[in-house]
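Taken in sequence, the protein lines are chains A and F.
For reference, each letter of the first sequence is one residue, going 102 to 496 in the numbering used here.
For reference, each letter of the second sequence is one residue, going 102 to 496 in the numbering used here.
From the three backbone atoms N, C-alpha and C, an ideal C-beta is built for every residue, glycine too.
There are 2 protein chains.
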Amino acid sequence: MRINDNYLNLKESYLFSDIARRVSEYKEKNPCAEIIRLGIGDVTRPLPAAVIAAVHKAIDEQSSAEGFRGYGPEQGYDFLRRAIADNDYRANGVDIQEDEIFVSDGAKSDTGNIGDILSNDNIVAITDPVYPVYLDTNTMAGREIKYIPSTAENEFAPNPPEYRADMVYLCSPNNPTGSVLTREKLKAWVDYAISNNAVILFDSAYVAYISEPDVPRSIYEIDGAKKCAIEFRSFSKTAGFTGLRCAYTVVPKELSAKAADGSAVSLNKLWLRRQTTKFNGVPYIVQRAAEAVYSPEGKAQVRETIAYYMENARIIREGLAAAGFKVFGGVNAPYIWMKCPGASWDFFDLLLNRTCVVGTPGSGFGKNGEGYFRLTAFGTRENTLEALERIKKAF
Amino acid sequence: MRINDNYLNLKESYLFSDIARRVSEYKEKNPCAEIIRLGIGDVTRPLPAAVIAAVHKAIDEQSSAEGFRGYGPEQGYDFLRRAIADNDYRANGVDIQEDEIFVSDGAKSDTGNIGDILSNDNIVAITDPVYPVYLDTNTMAGREIKYIPSTAENEFAPNPPEYRADMVYLCSPNNPTGSVLTREKLKAWVDYAISNNAVILFDSAYVAYISEPDVPRSIYEIDGAKKCAIEFRSFSKTAGFTGLRCAYTVVPKELSAKAADGSAVSLNKLWLRRQTTKFNGVPYIVQRAAEAVYSPEGKAQVRETIAYYMENARIIREGLAAAGFKVFGGVNAPYIWMKCPGASWDFFDLLLNRTCVVGTPGSGFGKNGEGYFRLTAFGTRENTLEALERIKKAF
Numbered sequence: 102m103r104i105n106d107n108y109l110n111l112k113e114s115y116l117f118s119d120i121a122r123r124v125s126e127y128k129e130k131n132p133c134a135e136i137i138r139l140g141i142g143d144v145t146r147p148l149p150a151a152v153i154a155a156v157h158k159a160i161d162e163q164s165s166a167e168g169f170r171g172y173g174p175e176q177g178y179d180f181l182r183r184a185i186a187d188n189d190y191r192a193n194g195v196d197i198q199e200d201e202i203f204v205s206d207g208a209k210s211d212t213g214n215i216g217d218i219l220s221n222d223n224i225v226a227i228t229d230p231v232y233p234v235y236l237d238t239n240t241m242a243g244r245e246i247k248y249i250p251s252t253a254e255n256e257f258a259p260n261p262p263e264y265r266a267d268m269v270y271l272c273s274p275n276n277p278t279g280s281v282l283t284r285e286k287l288k289a290w291v292d293y294a295i296s297n298n299a300v301i302l303f304d305s306a307y308v309a310y311i312s313e314p315d316v317p318r319s320i321y322e323i324d325g326a327k328k329c330a331i332e333f334r335s336f337s338k339t340a341g342f343t344g345l346r347c348a349y350t351v352v353p354k355e356l357s358a359k360a361a362d363g364s365a366v367s368l369n370k371l372w373l374r375r376q377t378t379k380f381n382g383v384p385y386i387v388q389r390a391a392e393a394v395y396s397p398e399g400k401a402q403v404r405e406t407i408a409y410y411m412e413n414a415r416i417i418r419e420g421l422a423a424a425g426f427k428v429f430g431g432v433n434a435p436y437i438w439m440k441c442p443g444a445s446w447d448f449f450d451l452l453l454n455r456t457c458v459v460g461t462p463g464s465g466f467g468k469n470g471e472g473y474f475r476l477t478a479f480g481t482r483e484n485t486l487e488a489l490e491r492i493k494k495a496f
Numbered sequence: 102m103r104i105n106d107n108y109l110n111l112k113e114s115y116l117f118s119d120i121a122r123r124v125s126e127y128k129e130k131n132p133c134a135e136i137i138r139l140g141i142g143d144v145t146r147p148l149p150a151a152v153i154a155a156v157h158k159a160i161d162e163q164s165s166a167e168g169f170r171g172y173g174p175e176q177g178y179d180f181l182r183r184a185i186a187d188n189d190y191r192a193n194g195v196d197i198q199e200d201e202i203f204v205s206d207g208a209k210s211d212t213g214n215i216g217d218i219l220s221n222d223n224i225v226a227i228t229d230p231v232y233p234v235y236l237d238t239n240t241m242a243g244r245e246i247k248y249i250p251s252t253a254e255n256e257f258a259p260n261p262p263e264y265r266a267d268m269v270y271l272c273s274p275n276n277p278t279g280s281v282l283t284r285e286k287l288k289a290w291v292d293y294a295i296s297n298n299a300v301i302l303f304d305s306a307y308v309a310y311i312s313e314p315d316v317p318r319s320i321y322e323i324d325g326a327k328k329c330a331i332e333f334r335s336f337s338k339t340a341g342f343t344g345l346r347c348a349y350t351v352v353p354k355e356l357s358a359k360a361a362d363g364s365a366v367s368l369n370k371l372w373l374r375r376q377t378t379k380f381n382g383v384p385y386i387v388q389r390a391a392e393a394v395y396s397p398e399g400k401a402q403v404r405e406t407i408a409y410y411m412e413n414a415r416i417i418r419e420g421l422a423a424a425g426f427k428v429f430g431g432v433n434a435p436y437i438w439m440k441c442p443g444a445s446w447d448f449f450d451l452l453l454n455r456t457c458v459v460g461t462p463g464s465g466f467g468k469n470g471e472g473y474f475r476l477t478a479f480g481t482r483e484n485t486l487e488a489l490e491r492i493k494k495a496f
């Protein structure tokens, strides 16, 4: 019995354990310091009341034989797929059918698992810096990986590369840089994918944070995208589902890829086969919770929470600018990406020592992240205000 | 961009769609017939009250910022891993540590996904007949698959084969045959795995249905098993979680496999890396629900439900025997596997026409299932009694 040797090519990430270690060393030396963590990528506000009510109702149904729900459809219940198609697509003039939507337990799972249906000989392009899951899951599959530099020169929203790639991961709004792909940039990517017979794996887990009117909410707003793009979305950052686990992936029926014999195979059919074989669906009670996000009360509650986080983002963005830092992101994303004086880890220590504020060194997301630093809008209002007051005084 | 061509080698299963079609044709001709379905593999009893109460409590915690839980540990919360280790292992004298337990959304997912960490060059052995997920997921990975005949001659509990295999799937109590592996048989498999440097993938999703005292509840009751076996368990059939989704997989720290350079690599470490990269954990509210299965009330309620199903199993088993059929299973499993006169599909039609009872043709689980038929104990008492009365009259 042999292991999958590709796992030995994975780089261990010590990013968050290194952060934890440095913070704990600092606390040992400065036991009274009040540390504020603006490095976290997890939401902190409570679940919307409509979601909680939906779970209570759905679990009570399970207390009688008549209301009991066992195995559901692996790709999601019709009631949720319909709510998604209606609210996230048709309401914005994008025609996505229910059977192009696959409900899942997370965009992290899906952006990794999607590789199951694609050849390990495909060449993968990812941006640098990047959300590490794209890199790690394709390393596990043994695929060749090429980088697309994401830098201040291209506003952290790069154009397609000169070289050919078969699979391209794009994340917009972006983690970690907080940038977005404009309509023009996204069109350039769709054109690239079509002319290279590539698939775009479009992660828009942060779509709810877009505030500017002309930024595309879905890649399918771009002509031709249904022939070349899979879109990943999540209830995690939209509605506080990081602990409740629900997401979805759109695989258009127009999208196909080549088999070894040259024939075109529907990726929608392959993904359905993958999901029905290796997955058993999201809990019924969680799907009812996700459905409640689209109720009038749910929508209002979600808007309020997003507004709360985005006010934090404004406070961070403007506070850092006032302290003299060059700042990116934070307008259409909960992430603020700042240029720091010197190396990312040096700034981590400097910020911790001067202000007791913890952020994330940009170099942890790739070599082009060196010299940058990520702060997030997911803290409390009080802590966010206090952190920026300290930063403005200290710098 | 190319697809994973192994998907083209998957055989489409028409088993359940064929059943549905034949039943619906029958109903069209016989509109007044009262059809009883004993083919289903899903539970039907309501969730235990302790589980429902735990979900109510856990979701209410999410309505305040203080009680809110976002991302949890991908491998499961400590409270659940401890409850599993204490109740399912240590209470039976088996020493399994918390960090050898990985909580997941289903045994179906895990028995498929486990292949991610193992080489695609490994040779896989599966029984025939078999739960189709083992076959399909390994076909997707392009592995060579060998069969182990599971027949009346070996009481549907085969001994190890003469040939070498690297990965062996065993399911005990067995779906579809209802058989179990005795201590002696299981020991033969552990010896085989150790001498062949193979891994046993031991699916014991139906462990709660074992009624005979000397049948092993865990493969780790066998000496040496921690060096060669991964055990899959689920709350689905134990506590009615088919729609709530929670399971777990045990990967002992003593278990290693070889890398290409001949070095031994811990499978526990590889699986942890796989799960933290491609999975985001089971919902907090579902983990609290699973924890409640181990409370005194939860245990009593689970026992009651299992007893209900196993009384159905007894009724089916004894009823079929009284009608002159040769019957297997149904003592330590919710499945009754009967020898039918002639081909499986012919008997399906015969049973439907004579009694309006629907079962599952054994040939749908593999070629050695031909001539057999599966009935399940998951119906209501009333329907089960009625079905067997009809069968006893008709045969």
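Close beta carbons around residue i, own chain, < 8 Å, minus the five adjacent residues each side
{"i": "asparagine 107 of chain A", "result": "Thr240, Met241, Ala242, Gly243"}
{"i": "arginine 170 of chain F", "result": "Glu162, Gln163, Tyr385"}
Whether residue i touches residue j by CB criterion (8 Å)
{"i": "glycine 431 of chain A", "j": "arginine 138 of chain A", "result": "no"}
{"i": "glycine 399 of chain F", "j": "tyrosine 385 of chain A", "result": "no"}
{"i": "arginine 182 of chain F", "j": "valine 204 of chain F", "result": "yes"}
{"i": "alanine 502 of chain A", "j": "alanine 155 of chain A", "result": "Given that chain A is displayed from residue 102 to residue 496, the structure contains no residue 502 of chain A and the question cannot be resolved."}
{"i": "alanine 309 of chain F", "j": "isoleucine 320 of chain F", "result": "no"}
{"i": "threonine 485 of chain F", "j": "isoleucine 407 of chain F", "result": "no"}
{"i": "valine 383 of chain F", "j": "cysteine 347 of chain F", "result": "yes"}
{"i": "phenylalanine 426 of chain A", "j": "methionine 439 of chain A", "result": "yes"}
{"i": "leucine 356 of chain F", "j": "leucine 371 of chain F", "result": "no"}
{"i": "leucine 148 of chain F", "j": "alanine 358 of chain F", "result": "no"}
Helix, strand or coil at residue i according to DSSP, with G and I counted as helix
{"i": "methionine 102 of chain A", "result": "coil"}
{"i": "valine 387 of chain F", "result": "helix"}
{"i": "valine 195 of chain A", "result": "coil"}
{"i": "alanine 226 of chain A", "result": "strand"}
{"i": "glutamate 355 of chain F", "result": "coil"}
{"i": "arginine 346 of chain F", "result": "coil"}
{"i": "phenylalanine 496 of chain A", "result": "coil"}
{"i": "valine 394 of chain F", "result": "coil"}
{"i": "glutamate 285 of chain A", "result": "helix"}
Contacts of residue i in chain A (Cβ-Cβ under 8 Å)
{"i": "proline 174 of chain F", "result": "Going along chain A, no residue has its Cβ under 8 Å from proline 174 of chain F, so there is no contact; the nearest lies around 11 Å."}
Beta carbon proximity, residue i to chain F, threshold 8 Å
{"i": "proline 147 of chain A", "result": "yes"}
{"i": "isoleucine 301 of chain A", "result": "no"}
{"i": "phenylalanine 449 of chain A", "result": "no"}
{"i": "phenylalanine 169 of chain A", "result": "yes"}
Contacts around residue i, its chain only, beta-carbon distance under 6 Å, and the 5 residues preceding and following it disregarded
{"i": "leucine 282 of chain A", "result": "Ala258, Ser273"}
{"i": "isoleucine 249 of chain A", "result": "Ala226, Thr228, Pro259, Pro262"}
{"i": "glycine 177 of chain F", "result": "Val204"}
Own chain partners of residue i with C-beta closer than 7 Å, once the 5 adjacent residues on each side are dropped
{"i": "aspartate 237 of chain A", "result": "Leu111"}
{"i": "isoleucine 160 of chain A", "result": "Ile386"}
{"i": "aspartate 143 of chain F", "result": "Thr343, Phe479"}
Neighbouring residues, chain A, relative to residue i (Cβ below 7 Å)
{"i": "glycine 213 of chain F", "result": "Thr378, Lys379"}
{"i": "leucine 371 of chain F", "result": "Ile104, Tyr108"}
{"i": "glycine 207 of chain F", "result": "Asn381"}
Beta-carbon neighbours of residue i, restricted to chain F and to distances below 7 Å
{"i": "serine 319 of chain A", "result": "Correct list: empty, because the minimum Cβ distance to chain F is about 21 Å."}
{"i": "valine 366 of chain A", "result": "Ile104"}
Short CB-CB distance (under 8 Å) between residue i and chain A
{"i": "arginine 346 of chain F", "result": "yes"}
{"i": "glutamine 163 of chain F", "result": "yes"}
{"i": "tyrosine 385 of chain F", "result": "yes"}
{"i": "asparagine 223 of chain F", "result": "yes"}
{"i": "serine 125 of chain F", "result": "no"}
{"i": "isoleucine 323 of chain F", "result": "no"}
{"i": "methionine 411 of chain F", "result": "no"}
Proximal residues of chain F, C-beta to C-beta of residue i below 9 Å
{"i": "asparagine 275 of chain A", "result": "The premise fails here: asparagine 275 of chain A is roughly 19 Å from chain F at the closest Cβ pair, so nothing lies under 9 Å."}
Proximal residues of chain A, C-beta to C-beta of residue i below 9 Å
{"i": "threonine 350 of chain F", "result": "Within 9 Å Cβ-Cβ: nothing; threonine 350 of chain F doesn't reach chain A, min ~14 Å."}
{"i": "isoleucine 499 of chain F", "result": "Nothing can be reported for residue 499 of chain F, as the shown portion of chain F is limited to 102 through 496."}
{"i": "leucine 116 of chain F", "result": "Those within 9 Å of leucine 116 of chain F in chain A number zero; the least Cβ separation is about 13 Å."}
8 Å Cβ cut-off: residues of chain F touching residue i
{"i": "lysine 359 of chain A", "result": "Met102, Arg103, Ile104"}
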